[in-house]
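Residues in the sequence shown are numbered consecutively from 10, following this note's numbering.
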Amino acid sequence: MKTIYKDDILYSTKLPEDVKKSRLVLWCVFLGFFGAHHFSVGKFWQGFFMCLVTCLTATFSIVTAFVQGVYQKIFEVLTVFQGAVLIMWVSDLVKIVANRYKVPVYKESFSKK
């Protein structure tokens, strides 16, 4: 198995053949807070960040409804990160609609086209 380095990847606004713009918009609109649109194009770490922050914020919002104290402070900190996720989500949606969303493409497959 070949090791993939960061230098082996280019970012292109042209979507691969297996990714349809309409499907990407739907992923972003309905599951964008969980990073589904990032996972579908191979941007694992951005998708993981969005999913993790959204799940933690939801969990601590439920916990703080029943228990006050330190959980309230954790929820307040997570709210800041959830604001960043909201900005990322809106930005990604605008980029997808405007054909400016960049997806990772391997240099080998990019040079063959």
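Just so it is clear, CB atoms sit at the ideal spot from N, CA and C, and this is done for glycine as well.
Taken atom to atom, the span from the alpha-carbon of Ile71 to that of Val28 is near 35 Å. The straight-line gap separating the alpha-carbon atoms of Asp17 and Lys116 is approximately 6 Å. Val112: member of the beta strand (DSSP E) spanning Val112 to Tyr115, first to last residue. Taking a cut-off of 8 Å on C-beta distances, the stretch 94–114 touches the stretch 46–59, as three or more cross pairs fall below it. Burial check for Lys15: the Cβ neighbour count within 10 Å stays below 16, so the residue is exposed.
Pairwise C-beta distances place the stretch 23–40 out of contact with the stretch 72–89, as fewer than three of them are shorter than 8 Å.
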